[in-house]
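Number of protein chains: 2
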Amino acid sequence: MTRALLLIDIQTGLDNPGWGARNNPDAESNAARLIAHFRAAGGPVIHIRHISTNPDSPLSPDAGGTGFKPEAMPGPGEAVFEKSVNSAFIGTGLEAHLRDAGIDSLVICGLTTPHCVSTTCRMAANLGFDVTLAHDACAAFADNADTGWRAGLPAMSADDVHAGAVSHLHGEFVNARATDDILTDPA
Amino acid sequence: MTRALLLIDIQTGLDNPGWGARNNPDAESNAARLIAHFRAAGGPVIHIRHISTNPDSPLSPDAGGTGFKPEAMPGPGEAVFEKSVNSAFIGTGLEAHLRDAGIDSLVICGLTTPHCVSTTCRMAANLGFDVTLAHDACAAFADNADTGWRAGLPAMSADDVHAGAVSHLHGEFVNARATDDILTDPA
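Those protein sequences? They're chains S and U, same order as listed. Position 152 of the first sequence, counting from 1, maps to 152 under the working numbering, and the rest follow consecutively. Just add 187 to wherever you are in the second sequence, counting from 1, and you've got the working numbering.
Next up, the structure:
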């Protein structure tokens, strides 16, 4: 089994206060620990970058937030794929890259848990990849859950959104593990 | 805009008690109302059927639960696609069928909200289709959320799972609406 680290949208535009309250401030530092681990072991590190086509998004080129955060800067020779939708597999060469490189297993982390991370995990699993989700190297915003569709449904906290999203994935699409556990027992 | 009704996994195997507590017993009757509405209007009705490759699944051929429920029997000439993963777009001819038929808008409903419905909604939206989720023609099981990845995280009720899944989709991937609203104002 050849395993790669797949980092989703760890970009400065997601520091914009307009996204609302966030959980897990340690997501980026945990992602950095995974990056260091994969680099030390010679494992592939793959970066996904969101380039929004919506000019009002903090992740649009005009907004200046498409750059990577310092904890997740691509290293020399590491693959970077740009996407404009949630799934890193749609409109990109990611799947072909993974197949060509013989990669059949992924550790996925990044931003945000219920949207781009969840969608990419789901497609990865459904395309036949073995997926470990580094849940504490991900984070969610409260605004990622819009409860306006049902009268009386209260707003959800950022951690509720994160916990729900991971729980919907765990056991069905991914094995959700903590960064510490992945570092000490990668299997 | 040409809109189709896309029905996900409304199959007898999902009546198996092994799935645990379920919310929204009206999901199938609401799906039946949508089917009747689309048929009366001459709109396309498309059926997705899960054929599990896991012999222990109630949705495997051996288990005898792959048939459609009475409320969601395909009519003459209606398209049926079989899948073996969560997304109705992976390993099927669904996307090509929709493109060939000029369908650019979908009303999606079925089972289960956080797994096959959510995954199919996400891919449909990311592939460029306009998606309305008929949220009260969907249902979830408590067991669709596995909270075992975080110590101390309590189990989630079936309605919590459903509400979380719809809230993660609404406004990002879909417009989540009640069946009554779709029937009286399809736009």
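Using N, Cα and C, we set each Cβ at its ideal position, and we do this for glycine too. Model, not experiment: these values are computed from the prediction.
| Item | Value |
| --- | --- |
| With distances taken from CA atoms, which of 63/S, 44/S, 143/S is nearest residue 103/S? | 44/S |
| At the level of alpha carbons, what is the spacing between residue 80/S and residue 67/S? | 12 Å |
| Sort 89/S, 76/S, 144/S by Cα distance to residue 42/S and report the nearest one. | 76/S |
| Answer yes if the stretch 121–135 of chain S comes into contact with the stretch 303–320 of chain U, meaning at least three C-beta pairs across the two stretches below 8 Å, and no otherwise. | yes |
| Exposed or buried, residue 113/S, counting other C-beta atoms within 10 Å across all chains shown (16 or more means buried)? | buried |
| I'd like to know whether the C-beta of residue 146/S is nearer than 8 Å to at least one C-beta of chain U. | yes |
| Can you tell me which of 62/S, 57/S, 91/S, 40/S puts its alpha carbon nearest to the alpha carbon of residue 48/S? | 91/S |
| Tell me the DSSP bridge mates of residue 267/U? | 234/U |
| Can you tell me where the beta strand (DSSP E) holding residue 354/U begins and where it ends? | Per DSSP, residue 354/U belongs to no beta strand (DSSP E); it is in the alpha helix (DSSP H), 345–356. |
| Assuming residue 195/U and residue 304/U make a contact with CB atoms under 8 Å, what is their CB distance in whole Å? | 5 Å |
| Give me the chain S residues within the contact set of residue 272/U, using Cβ-Cβ distance strictly less than 7 Å, ordered along the chain. | 126 |
| Three-state secondary structure (DSSP) at residue 253/U? | coil |
| According to DSSP, is residue 38/S helix, strand or coil? | helix |
| Note down the Cα distance separating residue 98/S from residue 326/U, rounded to an integer number of angstroms. | 35 Å |
| Please check if any C-beta of chain U sits within less than 8 Å of the C-beta of residue 166/S. | yes |
| From residue 247/U to residue 198/U, what does the alpha carbon distance come to, in whole angstroms? | 11 Å |
| Rounded to whole angstroms, what is the Cα-Cα separation between residue 110/S and residue 261/U? | 41 Å |
| Residue 92/S versus chain U: which residues are under 8 Å apart at the beta carbon? | Near residue 92/S there are no residues of chain U at all, since even the closest Cβ is about 11 Å away, more than 8 Å. |
| Using the C-alpha atoms, what's the distance from residue 224/U back to residue 175/S? | 41 Å |
| Sort 355/U, 354/U, 344/U, 357/U by Cα distance to residue 210/U and report the nearest one. | 344/U |
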